[in-house]
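Residue numbers (our numbering): 3 to 267. A short write-up of the structure that comes next.
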Amino acid sequence: MPGLRRAACALSILCALLAAPASAEDGPAGPGTSPCEDPLLALRCPNLRMDPPSDLHVQRAGHVLRLLATNHIVNNGAGPLELRATRTSDPRYAKASQVIYDRRGRPVYFPEAGYVYWKAIPGQGHYWKYFRAARFELWTVNPDGSRAAMIRTGPKLSYCLRDLDRVAGYARSPRRAVYPACSQDHARRELRLGVSPGWADVYPWHYHENWISITGLRGCFAFVHRADPTGELIEEREDDNAAQRMIRLPPRHGSVAPRGCPSGR
């Protein structure tokens, strides 16, 4: 999470004492302090992680060899990931604020949480989606399987952020979806997106932009799916956003199975 937002987020005392919805702009915080760790705020923060890439398919598009994959953004935190945005003069973009609820259910607003925009999906029309929710990455690996250097990223960055699949049945996970599919109403001014605790936003391997180029590559690589790649969202943890799958390139008979590759970590 960027230092500016951390510094803006800790109006701790006011948030804890006021019953009305609070804004995280109202007071200072200690440098490097996460609002999720502030006992006065007592927030139920989300925690985003990705499942490892699954349903891998190799597909050629012109001169580009693509590796396609299903991806899951999962919230296993204490509270929902919720974003609210209000359109202003620009018909295509809306700045987002993150809403985190405290233990009494009161919302606390954190601005500068990225933006929502009017995204075109071929054959489906336009949707309001959150930009930079997740990213596909390809990494070289060291002999022990650890990641060395990121060499490529994929085009998929925009997500509806919705409750599609319930993946965990713990007590704080709602039984029914709270956050619906993203809106296709261009005239809509107030936007609300999110993923409840224990739910996932899922995109199948054949969905638009769910690929990364593997053209011309040889050897073992870590194929990584990473949530919140630019650190714009507030979470319980920042060290568990990525999941990976080891692959070997070029594909053999359409398979990228990690033949002879280290296990990775």
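Think of the CB as a built atom: it goes at the ideal place given N, C-alpha and C, for glycine as much as any other residue.
*Tell me which same chain residues have a C-beta within less than 7 Å of the C-beta of ALA202, skipping the five on either side of it?*
The residues are HIS74, ILE75, VAL76, LEU166, ASP167 and VAL169.
*Excluding sequence positions up to five away, which residues of its chain have a Cβ less than 8 Å from the Cβ of HIS188?*
The residues are PRO93, TRP120 and HIS128.
*Since HIS227 is in the beta strand (DSSP E), which residue starts that stretch and which ends it?*
Taken as a continuous stretch (DSSP letters only), the beta strand (DSSP E) holding HIS227 covers 221-229.
*Pick out whichever of SER257, TYR95, ARG178 and ILE153 has its Cα sitting closest to the Cα of SER160.*
That would be TYR95, whose Cα lies nearest to the Cα of SER160.
*asked:* Suppose the cutoff is 7 Å on Cβ atoms and the five residues either side in sequence are ignored; what does the same chain contact list for LYS97 look like?
replied: For LYS97, the CB contacts under 7 Å within the same chain, skipping 5 residues up- and downstream, are ALA87 and TYR117 in chain order.
*Quick one: give me the first and last residue of the beta strand (DSSP E) that PHE138 is part of.*
Start and end: 136-143.
*asked:* Any beta carbon of chain D sitting closer than 8 Å to that of VAL204?
replied: Here chain D cannot be found, since the structure has a single protein chain.
_N-terminal and C-terminal residue of the beta strand (DSSP E) that GLU84 is part of_ = From DSSP, the beta strand (DSSP E) with GLU84 extends over 83-88.
_Inter-residue Cα distance where the pair is MET152 and ILE216_ = Taking the straight line joining both Cα atoms gives about 13 Å.
*Could you spell out the range, first to last residue, of the beta strand (DSSP E) harbouring HIS268?*
No information on residue 268 is available, as it lies outside the stretch 3 to 267 that the chain covers here.
*asked:* With three or more C-beta pairs closer than 8 Å as the rule, is the region 134-142 touching the region 209-226?
replied: With the cut-off at 8 Å, the region 209-226 and the region 134-142 touch.
*Do LEU163 and LEU193 have their C-beta atoms within less than 8 Å of each other?*
Contact flag unset, no.
*In angstroms, rounded to a whole number, what distance separates the CA positions of THR155 and PHE112?*
THR155 and PHE112: Cα-Cα distance of roughly 28 Å.
_Restricting to Cα atoms, I'd like to know which of PRO253, SER36, ALA244 and HIS210 is closest to ASP230._
Minimum Cα distance to ASP230 is reached at ALA244.
*asked:* Let me confirm a value: ARG40 is counted as buried when at least 16 other C-beta atoms fall within 10 Å, else exposed. Which label applies?
replied: Note that residue 40 is Asp in the sequence shown here, rather than Arg. ASP40 should be labelled buried.
_Relative to the C-alpha of PRO182, which candidate in ALA150, PRO253, GLU84 and HIS59 has its C-alpha closest?_
The shortest Cα separation from PRO182 among ALA150, PRO253, GLU84 and HIS59 belongs to GLU84.
*Which same chain residues, not among the five before or five after TRP207, have their C-beta less than 6 Å away from its C-beta?*
Excluding residues within five positions, the ones whose Cβ falls inside 6 Å are ASP57, HIS59, LEU70, ALA71 and THR72.
*With distances taken Cα to Cα, identify the nearest neighbour of LEU43 among GLN100, GLN61, ARG105 and PRO54.*
Looking at GLN100, GLN61, ARG105 and PRO54, the one whose alpha-carbon comes closest to that of LEU43 is ARG105.
*Determine the contact status of VAL101 and LEU45, defining contact as a CB-CB distance below 8 Å.*
No, these two residues do not count as a Cβ contact at 8 Å.
_Here's the rule: buried if 16 or more other CB atoms are within 10 angstroms of the residue's CB, otherwise exposed. What is SER91?_
With fewer than 16 Cβ atoms within 10 Å of its Cβ, SER91 is classed as exposed.
*asked:* Taking the alpha carbon of ARG174 as the reference point, which residue from LYS158, ILE123, GLU114 and GLY107 has its own alpha carbon closest?
replied: Put simply, of LYS158, ILE123, GLU114 and GLY107 the residue whose alpha carbon is nearest the alpha carbon of ARG174 is GLY107.
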